[in-house]
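Undergrad: In UniProt numbering, the protein residues as written are 1 to 319. Ideal Cβ placement from N, Cα and C applies to all residues, glycine included.
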């Protein structure tokens, strides 16, 4: 098994494209849930989170981990942003500043963890990875589900001020779900559908849908600090990780250049800045060096020189 060619699973440039040139993201494969009375009990120091500062999906989990005060319960390892032919490397394979070595198995790459618990695994080797140290397996690699677990399943183990933080409140669930339903495909994944499209028609379809949704979000956020119910919810977390990367990466690298956020969307820009500058969970989970290096280095089919742009200056404007 160790000699099996897994390059189709590690190399983003080998992603399967549709016949019309559009990019389709494969669904996550590990979908277990931490829950009382289940195989995966909520316990302190049982679970480990593998993330990349560069990856928007992974930083969703980092942000919620901090918002919920789970730092002492769930340990974290950060990979290098330079995702090459072997996928995401640990610092032992690529000693990039602020990247970590794997503390559990001294793995060289994220793929080693997947193949360790599932030798026949045939999906992409993605982050975040929520790892169970007790059963030595991946619990879940779908960020939208990991943040739901972090939001609710550890409340008995954390201080009341963190347990009371609810990013998926009962009263607003319907609205949150409805918003997620169009923000995910057209914005979160819309930037990728624009950037990875291999035909002009597929690119134009994706980029126009993306900006139509940004126009809609601009109206939604005008005069508001949060998207739903005047409180911080998972909706803000899920959208924010895309918006913070928009001007530094997606405008140029993914050709999402109809408008940028700072000049084209004053309400979205203000909302984004307030979360960054006023909440350490957002700011400390954001590493622009990792973000920019990852995209411009890891997609040589889009950027063969691997030169990383200097701008925009500043990466995010002051409040």
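In terms of alpha-carbon separation, which member of 190, 213, 212 lies closest to residue 202?
TA: Per the Cα distances, 190.
Undergrad: Hey, how far is the Cα of residue 165 from the Cα of residue 50?
TA: 23 Å
Undergrad: Just checking, does the segment 52-62 make contact with the segment 263-272 on the three C-beta pairs under 8 Å criterion?
TA: no
Undergrad: My parser needs the alpha helix (DSSP H) runs of 4 or more residues fully inside the segment 234-317; what are they?
TA: Those alpha helix (DSSP H) runs which fall completely within the segment 234-317 and span 4+ residues are 234-245, 261-264, 266-278, 280-283, 288-298.
Undergrad: Is it buried or exposed, residue 77, if we count other Cβ atoms within 10 angstroms and call 16 or more buried?
TA: buried
Undergrad: Does the contact criterion of 3 or more C-beta pairs under 8 Å hold for the segment 148-161 versus the segment 173-190?
TA: Below 8 Å, too few C-beta pairs join the segment 148-161 and the segment 173-190 to call them touching: fewer than three.
Undergrad: Give, in chain order, every unbroken run of the alpha helix (DSSP H) that is at least 4 residues long and sits entirely within the segment 125-181.
TA: Runs of the alpha helix (DSSP H) spanning 4 or more residues and lying entirely within the segment 125-181 occur at 143-152, 160-163, in chain order.
Undergrad: Beta carbon of residue 137, beta carbon of residue 87: below 7 Å?
TA: no
Undergrad: Near residue 247, which residues of its chain fall below 7 Å by C-beta distance, leaving aside the five closest residues on each side in sequence?
TA: 260, 261, 262, 312
Undergrad: With a CB to CB cut of under 6 Å and the five nearest residues on each side skipped, what residues in its chain are close to residue 232?
TA: 226
Undergrad: Near residue 251, what residues of its chain come up, given a Cβ to Cβ distance below 6 Å and the 5 sequence neighbours on each side ignored?
TA: Shown here for residue 251: same chain residues with a beta carbon closer than 6 Å to its own, the five before and five after excluded, namely 257, 260 in chain order.
Undergrad: DSSP on residue 73, reduced to helix/strand/coil?
TA: coil
Undergrad: In chain order, which beta strand (DSSP E) runs of at least 3 residues are fully inside the segment 46-109?
TA: 47-51, 75-78
Undergrad: Measuring CB to CB, does residue 293 end up less than 7 Å from residue 308?
TA: yes
Undergrad: Which stretch, first to last residue, makes up the alpha helix (DSSP H) that contains residue 225?
TA: Note, residue 225: premise wrong, no alpha helix (DSSP H); not H, not E.
Undergrad: Candidates 122, 131, 54, 170: which alpha carbon is nearest residue 74's?
TA: 131
Undergrad: Exposed or buried, residue 171, counting other C-beta atoms within 10 Å across all chains shown (16 or more means buried)?
TA: exposed
Undergrad: Can you tell me the Cα-Cα spacing of residue 280 and residue 20, whole angstroms?
TA: Taking the straight line joining both Cα atoms gives about 42 Å.
Undergrad: Going by DSSP in three states, residue 116 sits in which element: helix, strand or coil?
TA: helix
Undergrad: Select from 102, 135, 106 the residue whose C-alpha is nearest the C-alpha of residue 118.
TA: 135
Undergrad: How would you call residue 230, buried or exposed, if buried means at least 16 neighbouring beta carbons within 10 angstroms?
TA: exposed
Undergrad: Given a threshold of 16 other Cβ atoms within 10 Å of its Cβ, counted over all protein chains shown, does residue 85 qualify as buried or as exposed?
TA: The residue in question, residue 85, is exposed, as its Cβ has fewer than 16 Cβ neighbours within 10 Å.
Undergrad: What residues in its chain sit with their C-beta under 6 Å from that of residue 2, if we drop five residues either side in the sequence?
TA: The predicted position of residue 2 is uncertain, since its pLDDT is 48 and thus under 50; no value can be drawn from it.
Undergrad: Going by the CB atoms, is the gap between residue 207 and residue 199 shorter than 7 Å?
TA: no
Undergrad: Taking all protein chains shown into account, do 16 or more other C-beta atoms lie within 10 angstroms of the C-beta of residue 8, making it buried, or fewer, making it exposed?
TA: exposed
Undergrad: If you draw a straight line from the C-alpha of residue 205 to the C-alpha of residue 215, how long is it?
TA: If I take the Cα positions, the gap works out to 16 Å.
Undergrad: Measuring only the C-alpha atoms, how far is residue 295 from residue 97?
TA: 16 Å
Undergrad: Which residue marks the beginning of the alpha helix (DSSP H) containing residue 9, and which one marks its end?
TA: 7-10
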